[in-house]
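Colleague: First residue of the sequence shown: 81, per this note's numbering; consecutive thereafter.
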Amino acid sequence: MKTFFVFSFLLVINYSFSQQIYKRTLKLMGSRFDITVVANDSTGAQQYINTAVKEIQRIENLISSWNKDSQTSLINNNAGIAPVKVDKELFDLIFRAIQISKLTDGAFDISYASMDKIWKFDGSMIKMPSDQEIKASVAKVGYPNIILDKDKSTVFLKLKGMKIGFGAIGKGYAADKAKDLLITNGVIAGIINASGDMNTWGKQPDGSDWKVAITNPLNKNNAFALLPVVNKAVVTSGNYEKYVIFNNKRYSHIIDPRTGHPSTGIVSVSVFAPKAELADALATSIFVMGVETGLNRINQLPGIECIIVDENGKIYTSDHIKIDN
Ligand code: ADP
Ligand code: MG
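1) Need the endpoints of the alpha helix (DSSP H) that V371 sits in, please.
2) Does the Cβ-Cβ distance between G340 and M195 come in under 8 Å?
3) So Q151 is in the alpha helix (DSSP H); what residue range does that whole segment cover?
4) At a threshold of 7 Å, does I198 count as lining the ligand ADP (C-beta to nearest heavy atom)?
5) Let's see if you can read the secondary structure: which residues bound the beta strand (DSSP E) around D229?
6) So, are the CB atoms of D260 and A356 less than 8 Å apart?
7) Helix, strand or coil for T364? Go by DSSP, reduced to three states.
8) In whole angstroms, what separates the C-alpha of L228 from that of F171?
9) Would you call S111 buried or exposed, if buried means 16 or more other Cβ atoms sit within 10 Å of its Cβ?
10) Are there any heavy atoms of the ligand ADP lying less than 7 Å away from the beta-carbon of P337, as far as the coordinates show?
11) Out of T105, Q212, L237, which has the shortest C-alpha to C-alpha gap to P224?
12) Which of helix, strand or coil does DSSP assign to R138?
13) Please state the DSSP three-state secondary structure of G252.
14) Along the chain, where does the beta strand (DSSP E) containing Q100 start, and where does it finish?
15) I need the DSSP call for L262, collapsed to helix, strand or coil.
16) Nearest by alpha-carbon distance to Y102: which of M109, A125, L262 is it?
17) With a threshold of 8 Å on Cβ separation, who are the neighbours of K165 within its own chain once the five nearest residues in sequence on each side are excluded?
18) Take N302 as the anchor and find which of P308, A293, D202 has the nearest alpha-carbon.
19) Between which two residues does the alpha helix (DSSP H) holding V218 run?
20) For I334, which residues from the same chain have a beta carbon less than 8 Å from its beta carbon, with the 5 sequence-adjacent residues on both sides left out?
21) Who does P354 pair with in a DSSP beta bridge?
22) Using only alpha-carbon positions, find the residue among I161, L183, F246, Q127 that is nearest to S150.
23) So, helix, strand or coil for T116, using DSSP?
24) Please report the residue range of the alpha helix (DSSP H) in which E391 lies.
25) Have a look at I272, P297, N327, Y396 and flag the residue whose alpha-carbon is nearest the alpha-carbon of V117.
26) Flag K322 as yes when its Cβ comes closer than 7 Å to any non-hydrogen atom of the ligand ADP, and as no otherwise.
27) For M278, does the three-state DSSP call read helix, strand or coil?
28) Helix, strand or coil: how does DSSP classify I129 here?
29) First and last residue of the alpha helix (DSSP H) that includes F175?
30) Roughly how many whole angstroms lie between the Cα atoms of R385 and V324?
31) Given the structure, does Y396 come close to the ligand ADP, in the sense that its CB is under 7 Å from one of the ligand's heavy atoms?
32) Using the Cβ count rule (16 or more neighbours within 10 Å means buried), how would you classify I161?
So, in C-alpha cells, the structure goes:
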C-alpha cells in the first residue's frame, strides 16, 4: 500500500513537469487557423484540439454567408421580405455588431456586405466601379436598417438587396468561443490564432508569457515589437493580402460603408483587447476611420490598445502601449 502511494505521488510530480505545447494548423472558415494547447500528452492534446475545431466549424455553419443553408443566408435571402427567426447566439452576435457600429460612427457595419457585388478582391476586377455603381450599392448599406426583435428573436433587413456578413468579426468571435470551451474543458493554457486574430490564456510550460511579434508589412522579415499577450486577444488586420491597384493606388478589402469606397492610407492595424471579437471589429474600423480618428477612439476605450502602420511605414501607437525599437 505504502509503495503504491509513493509511486503514484511520483507519477503526479513527473506529469506536472512534462507539460508540452501541441499545435495544429488547418483551414477553417476559409482561413488558416493555428490551434495551440498546453497538455500532458499528445493523445489528450489532440482531443482538445478536435474539440476546438468542432466548435469553430459549428460557428462557421451559423454565420457563413457562403453556406446557402446557414441562418445568416436565410436572413439575407429574406431582405426586404420578412423577419427571420434565429438562434439566440446569432441574434446576440448581430446585436453586439450593431453596438460596435454605433461606437465607430458606422465605420464598422456588417451590412457592408452588399458591396461585394462591385468590389471584388479575388483578382477578377479589371476596372474601378463607376460612381453610379458605388452610389447604388451603398444605398443598400446601413446598420439602422437591421431590425432586431429580441422577444421573437428575429432579424429583418429592411431593404431588398441588403446583406450582412461577418468577415470582420467572425474569426475573432470563433477564437473567443474556442478558447472559452477549452478553458471549460480544463485546458490550462493555449492560443487560438485565426489568421492573425488570436486569443491566449495561461502561460507556456516554462512559465513565460505568450508573446506576439508585430511585423511591419512593408518589411515583413523584421518584427518591430515582441509583446506579451497575457490572457487577452490581439488581432492584426492588413491590406497587404487582399487589395486591388488602380492608377497606382492600392484599395483594400475594407470598405467605408458610408461612402462605398475602400479605405486607403493604412497598411496594418493591430488591436489588443480582452476579446478577439471586439479587437477584430475595431481593427477593421480603424482602417476606415484613419489614423487620427482611429487613435482618438481607441484612447477613449479602457483596456484597449492599438498599433497602426501607414502606407509610408510610419508606426503609430495608442497612449498606453510602449514599443522599444
Ligand atoms: P482580415 O481578417 O482579412 O485581415 P478584417 O478582419 O479586417 O480582415 O476583415 C475584412 C473583411 O471584413 C472584408 O474582407 C469584408 O468581408 C469585411 N468588411 C469590409 N469592410 C467592412 C466594414 N466597413 N465593416 C464590417 N465589415 C467589413
Ligand atoms: Mg477585423
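Quick reminder that beta carbons are idealized off the backbone N, C-alpha and C, glycines included.
Modeller: Concretely, from the data shown:
1) To locate residue 371, count along the sequence shown from 1; it is residue 291. From DSSP, the alpha helix (DSSP H) with V371 extends over 371 to 379.
2) Within the sequence shown, numbered from 1, the residue matching residue 340 stands at position 260. Within the sequence shown, numbered from 1, the residue matching residue 195 stands at position 115. The answer is yes: Cβ separation under 8 Å.
3) Here residue 151 refers to the residue found at position 71 of the sequence shown. Note, Q151: alpha helix (DSSP H), 151 to 157.
4) Locating residue 198 in the sequence shown gives position 118, counting from the first residue. Between the ligand ADP and I198, a heavy atom-to-CB distance of less than 7 Å is absent.
5) Stepping through the sequence shown from its first residue, residue 229 is reached at position 149. Run containing D229: 226 to 229, per the beta strand (DSSP E) assignment.
6) Along the sequence shown, one-based indexing puts residue 260 at 180. Along the sequence shown, one-based indexing puts residue 356 at 276. No, these two residues do not count as a Cβ contact at 8 Å.
7) Locating residue 364 in the sequence shown gives position 284, where the first residue counts as 1. Note: T364 maps to helix in three-state DSSP.
8) Numbered from 1 along the sequence shown, position 148 holds the residue referred to as residue 228. Numbered from 1 along the sequence shown, position 91 holds the residue referred to as residue 171. Each residue's Cα considered, the two are about 8 Å apart.
9) Numbered from its first residue, the sequence shown carries residue 111 at position 31. Result: exposed.
10) Locating residue 337 in the sequence shown gives position 257, counting from the first residue. Within the cutoff, so yes.
11) Residue 224 sits at position 144 when you count from the first residue of the sequence shown. With distances taken between Cα atoms, P224 lies closest to L237.
12) Numbered from its first residue, the sequence shown carries residue 138 at position 58. Correct three-state label for R138: helix.
13) Within the sequence shown, the letter at position 172 stands for residue 252. Here G252 sits in helix by DSSP.
14) For the purposes of this step, residue 100 is identified with residue 20 of the sequence shown, where counting begins at 1. It spans 100 to 108 - the beta strand (DSSP E) in which Q100 sits, taken as one unbroken run.
15) Stepping through the sequence shown from its first residue, residue 262 is reached at position 182. Helix, per DSSP.
16) Residue 102 sits at position 22 when you count from the first residue of the sequence shown. The candidate whose alpha carbon is nearest that of Y102 is A125.
17) Within the sequence shown, numbered from 1, the residue matching residue 165 stands at position 85. Taken in chain order, the residues that qualify are K232, S233, T234.
18) Counting from one through the sequence shown, the residue named residue 302 turns up at place 222. Answer by Cα proximity: A293.
19) By one-based count along the sequence shown, residue 218 stands at place 138. That run of the alpha helix (DSSP H) goes 211 to 218.
20) Position 254 of the sequence shown, counted from the start, is the residue given in the question as residue 334. Non-local beta-carbon contacts of I334 in its own chain, meaning distances under 8 Å to residues more than five positions away in sequence, involve A248, S317, N319, P342, S343, T364, F367, V368 in chain order.
21) Here residue 354 corresponds to residue number 274 of the sequence shown, with the count starting at 1. BP columns for P354 are empty, so no partner.
22) Within the sequence shown, residue 150 is the residue found at index 70, counting from 1. That would be F246, whose Cα lies nearest to the Cα of S150.
23) Indexing the sequence shown from 1 puts residue 116 at position 36. Note: T116 maps to strand in three-state DSSP.
24) Translated into the one-based positions of the sequence shown, residue 391 becomes position 311. It is not in any alpha helix (DSSP H) - E391 carries neither H nor E in the DSSP assignment.
25) For this step, residue 117 is matched to residue 37 along the sequence shown. With distances taken between Cα atoms, V117 lies closest to I272.
26) One-based indexing of the sequence shown puts residue 322 at position 242. Result yes, Cβ under 7 Å from the ligand ADP.
27) Mapped onto the sequence shown, residue 278 falls at position 198. Shown here, M278 sits in a strand according to DSSP, grouped into three states.
28) For this step, residue 129 is matched to residue 49 along the sequence shown. Helix at I129.
29) Residue mapping note: residue 175 aligns to position 95 of the sequence shown, counting from 1. Unbroken alpha helix (DSSP H) run through F175: 168 to 183.
30) In the sequence shown, counting from the first residue as 1, residue 385 sits at position 305. In the sequence shown, counting from the first residue as 1, residue 324 sits at position 244. Note on identity: in this sequence residue 385 is Glu, with Arg being the wrong assignment. Whole-angstrom Cα-Cα distance: 29 Å.
31) Translated into positions along the sequence shown, residue 396 becomes position 316. Checking every heavy atom of the ligand ADP against the Cβ of Y396, none is found closer than 7 Å.
32) Numbered from 1 along the sequence shown, position 81 holds the residue referred to as residue 161. It is exposed - the Cβ of I161 has fewer than 16 other Cβ atoms within 10 Å.
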